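For reference, the structure is listed below as structure tokens.
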Amino acid sequence: MKSQSLNSVELTRAGIVDMLSTVPASVVYASADQMRQAAVGSDVHLRGLIEFSNICRNNCLYCGIRRGNHAVERYRMDDDQLVDIARRAVDMGFQTIVLQSGEDLHYDADRMCHIIERIKAMDVALTLSIGEREYADYRDFRNAGADRYLMRIETTDVDLYHRLNPGMSWQHRHECLLMIRELGYELGSGIMVGLPGQTIESIADDLLYLKDIGVDMAGIGPFIPHPATPLAHEQGGTLELALRTMAVMRLLLPDINIPATTAMESLHPKGRIMALQAGANVVMPNVTEGEYRRLYELYPGKICVNDTPLHCRTCIGLKIQSIGRTIGQGWGGHGTHKNNIHQ
Ligand code: 5AD
Ligand code: FES
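Letter by letter, the sequence shown follows residues 227 to 569 in the working numbering.
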């Protein structure tokens with residue numbers, strides 16, 4: 227009975243398309259919620275997110291910190307500052323630290339490795355989200371102690387990817403994800419929904435891709451047009467489609483980690499709570515301090531830009547408890563829940 231409930235639902239591409247479109251949303255959310263409960267229980271794992279540099283060599287059409295946006299005030303934290311922020315987050319109880327930045331090669335492999343070693347000395351899980359690098363860099367980061375790596379494929383529609391990410395190669399990004407997996411990181415990837423020209427069928431393919439490469443974590447969020455980008459006047463994704471996509475991900479991969487993404491809450495004040503009740507089991511509160519929070523503006527309307535890390539930790543803790551869920555203890559890696567059939 228138990229293993230039955232943990233089996234992923236065998237969904238065909240057509241079945242996924244139905245779940246993303248014609249099946250009533252409430253049914254899709256309830257199935258994912260049930261699957262989440264059976265596979266990973268009621269724990270919500272918290273990850274402290276540090277946005278340490280908004281400098282980026284890329285020029286993605288959707289992104290507020292794209293190279294071509296000269297209106298952004300750029301920043302880079304120095305190593306001590308970054309490690310201090312991590313220490314404060316760990317003191318607040320976070321057991322995973324996520325380091326995210328634009329693709330900023332100022333942080334070369336040596337520099338990143340020193341930062342990784344200093345944070346790993348605090349005895350927490352460490353996730354990197356710093357984009358495409360050389361194999362040797364990924365290897366060195368891993369050897370320095372990084373546990374997880376997060377890089378969204380964004381879309382598996384290769385033509386759309388190349389239109390949205392000038393100068394980048396979908397194939398290369400895919401190869402980076404394979405390298406990361408091969409090096410033994412826990413692999414996180416994901417997509418945006420509601421990109422201009424993206425179809426429901428293409429989102430179904432994205433989900434099958436994430437299943438196929440065997441992600442340990444999948445982040446799914448709505449595309450939100452940023453006024454200082456070429457996509458300023460596009461429509462953007464809806465919360466409903468983002469939630470449906472996330473819910474179907476849970477049905478396809480029952481026991482992975484799925485965050486209630488910040489972009490969802492930027493579209494609706496209860497976005498993350500809705501996500502936690504439609505398949506999500508992770509939240510990544512921002513623990514970046516001061517002005518930097520505002521300057522890391524991937525999309526407009528980003529939540530919590532004027533709050534402190536402590537405020538957000540308290541706020542999200544109360545929200546999680548208010549829906550009868552518990553805060554996960556430990557590192558909360560993929561496959562560590564007691565229901566896991568592989569243990
Ligand atoms: N709207 C929503 N999400 C965005 N991201 C970047 N720009 C936007 C936007 N305008 C997402 C991308 C990236 C992640 C860090 O943020 O998916 O991988
Ligand atoms: Fe930042 Fe609620 S999580 S204010």
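A virtual CB, placed ideally from N, CA and C, is assigned to each residue, including glycine. As the structure is a prediction and not an experimental result, all values here were calculated from the model.
Give the DSSP bridge partners of residue 412, in chain order. Beta-bridge analysis with DSSP links residue 412 to 374.
Are at least three pairs of beta-carbons, each pair with one atom in the stretch 475-488 and one in the stretch 498-515, less than 8 angstroms apart? As far as the Cβ criterion goes, the stretch 475-488 touches the stretch 498-515, which means the pair count is three or higher.
For residue 561, tell me which candidate among 242, 265 and 456 has the shortest Cα-Cα distance. Among 242, 265 and 456, the Cα nearest to that of residue 561 belongs to 265.
Give every residue of the same chain whose Cβ lies closer than 6 angstroms to the Cβ of residue 550, excluding the five residues on either side of it in the sequence, and list them in chain order. Closer than 6 angstroms at the Cβ level, and outside the excluded window around residue 550, lies no residue.
If we count the other Cβ atoms within 10 Å of its Cβ and call it buried at 16 or more, is residue 556 buried or exposed? Residue 556 is exposed by the Cβ-count criterion.
Just to confirm the assignment: which complete alpha helix (DSSP H) runs, minimum length 4, are found wholly within the stretch 285-329? Positions of the alpha helix (DSSP H) runs, each at least 4 residues long and wholly inside the stretch 285-329, are given as 305-317 in order along the chain.
Measure how close the beta-carbons of residue 381 and residue 421 come, nearest whole angstrom, since I'm counting them as under 8 angstroms. Right, the Cβ-Cβ distance comes to about 6 angstroms (below 8 angstroms), so this counts as a contact.
Give a single yes or no on whether residue 208 has its beta carbon closer than 7 angstroms to a heavy atom of the ligand 5AD. This structure gives no information on residue 208, because the portion of the chain shown stretches from 227 to 569.
Going by the C-beta, is residue 278 closer than 7 angstroms to any heavy atom of the ligand 5AD? Residue 278 Cβ: outside cutoff for every heavy atom of the ligand 5AD.
DSSP three-state label for residue 242, please. Collapsing the DSSP output to three states places residue 242 in a helix.
Within the present structure, is the beta-carbon of residue 450 separated from the nearest heavy atom of the ligand 5AD by less than 7 angstroms? Relative to the ligand 5AD, residue 450 has its C-beta within less than 7 angstroms of a heavy atom.
Taking only beta-carbon atoms, is residue 390 less than 8 angstroms away from chain D? Checking the listed chains, one finds no chain D in this structure; it contains a single protein chain.
Return the chain-ordered list of same chain residues with a C-beta closer than 7 angstroms to the C-beta of residue 396, the five sequence neighbours on each side being excluded. Sequence-distant Cβ neighbours of residue 396 in its own chain, meaning closer than 7 angstroms and more than five residues away, are 384, 387 and 388.
Supposed close pair residue 430, residue 254 - CB separation, criterion 8 angstroms: Actually they are not in contact, since the Cβ atoms of residue 430 and residue 254 sit about 13 angstroms apart, beyond 8 angstroms.
Take the Cβ of residue 391 as the centre, count every other Cβ of all protein chains shown within 10 Å, and call the residue buried at 16 or more, exposed below. Flag for residue 391 reads buried.
Scan the stretch 328-364 and note each continuous beta strand (DSSP E) run of 3 residues or more that stays entirely inside, going in chain order. Taking only runs of at least 3 residues, the beta strand (DSSP E) segments lying wholly in the stretch 328-364 are 351-355.
Consult DSSP for residue 271 and reduce its assignment to one of helix, strand or coil. DSSP places residue 271 in strand when its eight states are reduced to three.
The beta strand (DSSP E) that contains residue 448, what's its start and end? Element bounds for residue 448: 443-448.
Identify the continuous alpha helix (DSSP H) that holds residue 453 and give its terminal residues. For residue 453, there is no enclosing alpha helix (DSSP H), as DSSP marks it with neither H nor E.
Would you give the residue range spanned by the alpha helix (DSSP H) that residue 395 belongs to? Counting along the chain, residue 395 falls outside any alpha helix (DSSP H), and DSSP gives it neither H nor E.
Comparing alpha-carbon positions, which option in 442, 339 and 520 lies nearest residue 362? The residue with the shortest Cα to Cα distance from residue 362 is 339.
Quick check on the burial criterion: 16 or more other C-beta atoms within 10 angstroms. Buried or exposed for residue 496? So residue 496 ends up on the exposed side.
Which residues in the same chain as residue 242 place their Cβ atom closer than 7 angstroms to its Cβ, once the five residues preceding and following it in sequence are excluded? Hits under 7 angstroms: 430, 433 and 474.
Which one or two residues does DSSP pair with residue 486 in a beta bridge? For residue 486, the pairing in a beta bridge is given by DSSP as 509.
Alpha-carbon spacing of residue 269 relative to residue 375, whole angstroms: One C-alpha to the other measures close to 22 angstroms.
Given 7 angstroms as the limit, tell me if residue 402 has its C-beta closer than that to any heavy atom belonging to the ligand 5AD. No.
Grab me the residues of residue 409's own chain with a C-beta within less than 7 angstroms of its C-beta, minus the 5 sequence neighbours each way, in chain order. Closer than 7 angstroms at the Cβ level, and outside the excluded window around residue 409, lie 364, 365 and 368.
Residues in the same chain with beta-carbon distance under 7 angstroms from residue 300, minus the five sequence neighbours each way, listed in chain order, please. Listed in chain order, the non-local C-beta contacts of residue 300 below 7 angstroms within the same chain comprise 280 and 281, local neighbours out to five positions each way being set aside.
What number of angstroms, rounded off, separates the C-alpha of residue 493 from the C-alpha of residue 458? Per the coordinates, the alpha-carbon of residue 493 lies some 16 angstroms from the alpha-carbon of residue 458.
Start and end of the alpha helix (DSSP H) containing residue 504? Counting along the chain, residue 504 falls outside any alpha helix (DSSP H), and DSSP gives it neither H nor E.
If we ignore side chains and look at the alpha-carbon of each, how far apart do residue 405 and residue 446 end up? Rounded to the nearest angstrom, the two C-alpha atoms are 22 angstroms apart.
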